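Visitor:
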Amino acid sequence: MWTELLSALALLLVLEGILPFLNPTGMRKTMRMLSEMDDKTLRVTGFFTMIAGAILLYIVRT
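Residue numbers for the sequence shown follow the numbering used here, beginning at 1 and rising by one.
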């Protein structure tokens, strides 16, 4: 179980690093836009992102 969790974390770090590596200017613009959003919008976006990830994980694992 720990191996799978650490593998998932490693994959997350790789995926998170792709955008700033390939397009640092676009990443900066995205971060600026995110910092200007209100808390409710960020929470709703985060919630739907978590739900989409959970559904995708369920589909992949079954």
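Cβ coordinates follow ideal geometry from the N, Cα and C atoms, glycine included. These numbers come from a predicted model, not from an experiment.
Taking L19 and M27 to be in contact with their CB atoms under 8 Å, please state how far apart those CB atoms are, rounded to whole angstroms.
Guide: Going by Cβ atoms, the distance from L19 to M27 rounds to 5 Å, so yes, they are a contact pair.
Visitor: Going along the chain, which residues of its own chain have a beta-carbon closer than 6 Å to the beta-carbon of T45, five neighbours each way excluded?
Guide: The answer is none, since no qualifying residue turns up.
Visitor: If we ignore side chains and look at the alpha-carbon of each, how far apart do L5 and M31 end up?
Guide: Taking the straight line from one Cα to the other gives about 27 Å.
Visitor: Give every residue of the same chain whose Cβ lies closer than 8 Å to the Cβ of L42, excluding the five residues on either side of it in the sequence, and list them in chain order.
Guide: Excluding residues within five positions, the ones whose Cβ falls inside 8 Å are L34.
Visitor: From the DSSP output, in three-state form, read off M50 for me.
Guide: If DSSP states are grouped into helix, strand and coil, M50 belongs with the helices.
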